[in-house]
Every structure is written in C-alpha cells, then in structure tokens.
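Participant: Residue numbers (the UniProt record's numbering): 1 to 209.
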C-alpha cells in the first residue's frame with residue numbers, strides 16, 4: 001500500500017488558507033484552485049520516466065533529457081474536479097482529459113454516477129484523477145473502479161483537502177493508487193463535510209451557492 005503524499009510547501013499551504021476563507025469569492029476561488037493544482041502537479045509528476053536525446057543548442061550539440069514512456073490523462077470527477085484541470089494542463093498541455101460525473105445523495109451520502117466519458121486509449125495512459133475534496137472517499141473509490149473496468153492500471157489521485165476517513169477508505173479499496181493531498185484535515189462532521197474544510201468546493205468554484 002502506497003503511503004499518501006501530503007504536500008509540504010509554503011505556497012500550497014498559503015493558497016489553501018486563502019481558499020478556505022469564507023469571504024473568498026468565486027473568481028478568486030477558481031484562480032486559487034488552479035494555482036494549487038499546478039503546484040501539486042509538480043509533485044505528482046516527479047516520477048515520470050526520462051530518456052536522453054541529442055539536440056543542438058545555439059552553441060553546440062548536446063545530450064539532454066525529455067519525458068518518455070506512456071502518455072498522460074487527467075480525469076476530473078464532476079463537477080468540482082473541473083476546477084483543477086486547467087492548472088494541470090498548463091504543465092502538461094498534451095494530456096487528454098476524461099470526465100466522470102458523480103453527485104452525493106443528500107440522504108445516504110453515497111455517490112451516484114451519472115456520466116462517464118474517457119479517451120479511447122485511456123488504458124494506455126498514466127492517469128491522475130482530480131477532485132478538490134476527499135471526504136468519505138466514496139466518489140474517488142467509484143471513479144477509480146470505473147477506470148479499472150476500462151483496463152486502466154497506472155492511476156494516481158489528487159485532492160486539495162482530505163479527511164482521514166476518506167483517505168482510509170480510498171487506500172483500503174485501492175492500495176495500488178498513489179494519493180496526493182494538499183492538506184489533511186481533522187474529521188468529517190455529521191453531514192459528511194470535512195472539518196475545518198472549505199464548504200462545498202463545487203458551489204464555491206461555480207458560484208452556485
């Protein structure tokens with residue numbers, strides 16, 4: 001079982017603090033979400049394989065390193081995961097993007113899937129699943145279940161804020177998936193919201209509440 005990678009960078013922590021503030025408006029919230037995702041992508045792609053190539057600079061011919069191996073796909077869990085996509089694409093613009101749509105049943109708090117659209121070659125790609133919040137872990141577990149049904153094997157999961165309950169559920173269900181977390185919070189409340197958290201990430205990204 002891979003140990004979750006919890007970010008330890010001043011810029012990430014600073015921006016997450018601004019993200020949590022209830023007075024942060026939708027425009028700034030979207031900008032911060034993308035900036036945090038970009039910084040986290042730097043860590044999540046640290047293990048990408050490299051190969052040596054020969055190029056010619058204005059000065060001379062030299063050997064240099066480029067990324068090799070399988071291509072990348074980002075799969076946001078709708079709708080809040082959309083807020084992280086542009087940040088990652090700014091670093092890996094050639095990546096393909098799939099979408100898995102889920103919502104949380106307001107009564108039993110279980111995830112309900114309503115949409116799944118993935119690149120045709122998804123099973124050949126390294127995948128990073130995106131969701132700003134890892135609360136109960138239900139949506140993340142189900143999304144990764146879907147990807148594995150499509151033949152995917154090299155999967156990572158990235159969230160900005162996580163609850164211990166969600167981390168436990170995800171790592172237990174998918175011990176082969178490396179999890180990247182911006183900050184690990186304290187617990188879930190009786191409504192299954194992360195404490196201290198930041199509220200509903202989807203509502204705050206899209207200004208729907």
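Cβ atoms here follow ideal geometry from the backbone N, Cα and C, with glycine treated the same way.
Tell me where the beta strand (DSSP E) around residue 101 begins and ends.
Facilitator: 99-104
Participant: Closer than 6 Å by C-beta to residue 207: which residues in its own chain qualify, once you throw out the five before and the five after it? Chain order, please.
Facilitator: Counting only Cβ-Cβ distances below 6 Å, and skipping sequence neighbours, we find 26.
Participant: Please report the Cβ distance between residue 185 and residue 169, rounded to the nearest whole angstrom; I am assuming they are in contact, meaning their Cβ atoms lie under 8 Å.
Facilitator: At roughly 15 Å, the Cβ-Cβ gap does not stay under 8 Å, so residue 185 and residue 169 are not in contact.
Participant: For residue 87, count the other beta carbons within 10 Å of its own beta carbon; 16 or more makes it buried, fewer makes it exposed. Which is it?
Facilitator: buried
Participant: If you run the structure through DSSP and keep just helix, strand and coil, what is residue 187?
Facilitator: strand
Participant: Between residue 52 and residue 176, what straight-line distance do the alpha-carbon atoms span, to the nearest angstrom?
Facilitator: Going from the Cα of residue 52 to the Cα of residue 176 covers about 29 Å.
Participant: Leaving aside the five residues before and after residue 120 along the sequence, list all residues of the same chain whose C-beta is less than 6 Å from its C-beta, in chain order.
Facilitator: none
Participant: Just the Cα atoms here: how many angstroms apart are residue 136 and residue 192?
Facilitator: Going by the C-alpha atoms only, they are around 7 Å apart.
Participant: Decide if the segment 49-68 is in contact with the segment 100-120; the criterion is three or more beta carbon pairs, one per stretch, under 8 Å apart.
Facilitator: no
Participant: Which value, in whole angstroms, describes the spacing of the CA atoms of residue 81 and residue 28?
Facilitator: 16 Å
Participant: Which residue or residues does DSSP assign as beta-bridge partners of residue 178?
Facilitator: 156
Participant: Tell me the DSSP bridge mates of residue 145?
Facilitator: Per DSSP, none; premise fails for residue 145.
Participant: Take residue 94 and list the residues in its own chain whose beta-carbon comes closer than 8 Å to its own, dropping the five residues that flank it on each side.
Facilitator: 71, 72
Participant: State buried or exposed for residue 100, treating a residue as buried only when at least 16 other CB atoms are found within 10 Å of its CB.
Facilitator: Label assigned to residue 100: buried.
Participant: Along the alpha helix (DSSP H) that carries residue 41, what are the first and last residues, could you check?
Facilitator: 26-44
Participant: Do you know offhand how far residue 38's Cα is from residue 190's?
Facilitator: 32 Å
Participant: Between the Cα of residue 174 and the Cα atoms of 154, 78, 89, which residue gives the shortest distance?
Facilitator: Of the candidates 154, 78, 89, 154 places its Cα closest to the Cα of residue 174.
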